[in-house]
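Using the working numbering, read the sequence shown as starting at 46 and increasing by one per residue.
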Amino acid sequence: MRYRFAVPVAAGVAGVVLTLAGGVSGVPSALADPPPGAEAIDSYPVAEGNFTSPTDFYHVFFQTPDGRHCGIGPNGGPIGCDAVPTDAPPGTNQTVVQYGGTPAVYRHSDTPTFTRDVDVLPEGHKLTNWGATCGVGYQGTVTCRGYGGHGFILAADYGVLW
46 MRYRFAVPVA AGVAGVVLTL AGGVSGVPSA LADPPPGAEA IDSYPVAEGN
96 FTSPTDFYHV FFQTPDGRHC GIGPNGGPIG CDAVPTDAPP GTNQTVVQYG
146 GTPAVYRHSD TPTFTRDVDV LPEGHKLTNW GATCGVGYQG TVTCRGYGGH
196 GFILAADYGV LW
């Protein structure tokens with residue numbers, strides 16, 4: 046089954062059309078290149094604060110200004126958020142890039158994977174962990190990119206997977 050979505054990327058930037066194919070457990074996964082503007086996180090400064098957990102060695106975690114929880118595992122993943130946009134498939138509750146350079150997916154998890162008691166990552170800042178990067182942009186939009194160039198943009202009302 047194939048899905049086609051027109052997704053706004055940012056204010057003043059034309060929408061991007063993604064073609065999605067069936068992925069993990071029937072949930073669509075992306076087959077697209079990074080959208081225009083995804084590289085903006087490269088220019089963000091690295092944030093300072095408490096972004097680690099005493100029980101999760103070599104992981105970093107953060108909260109967004111609007112309360113979503115995200116994290117970056119070592120060695121390329123997992124990278125993701127315990128959140129999905131309103132346009133995600135029903136029943137999903139995580140946005141994730143897995144190990145091995147595979148495209149991002151929406152999935153369901155019975156337990157939070159990326160929720161920890163850590164600091165808020167301010168707008169316009171990023172965290173990098175072993176080659177993977179996540180940053181928070183305008184109005185709390187999260188952009189994450191892992192090994193192999195795959196990643197996602199997660200806003201409250203839309204998502205872009207690649």
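For glycine and all other residues, C-beta sits at the position ideal for the given N, C-alpha and C.
Three-state secondary structure (DSSP) at residue i?
i	result
A92	coil
Q108	strand
G121	coil
G204	strand
G185	helix
Taking the Cβ atom as the reference point for each residue, do residue i and residue j lie within a distance shorter than 8 Å?
i	j	result
T15	K171	Since the first residue shown for the chain is 46 and the last is 207, residue 15 is missing from the structure and cannot be characterised.
P110	V163	no
I124	G176	no
T140	F197	yes
L206	P148	yes
Y203	D132	yes
G146	H195	yes
So what does residue i bridge to, in DSSP terms?
i	result
R190	T178 and G196
V165	Q108
H170	V181
P151	According to the sequence displayed, residue 151 carries Tyr and not Pro. BP columns for Y151 point to T140.
So residue i is in the beta strand (DSSP E); what residue range does that whole segment cover?
i	result
Q139	Q139 to V142
V113	The residue you asked about is not Val; residue 113 is Arg in the sequence shown. Run containing R113: none; DSSP gives neither H nor E here.
Would you decide whether residue i is buried or exposed? Buried here means 16 or more other CB atoms lie within 10 Å of its CB.
i	result
D127	buried
G121	buried
Q108	buried
P130	buried
T100	exposed
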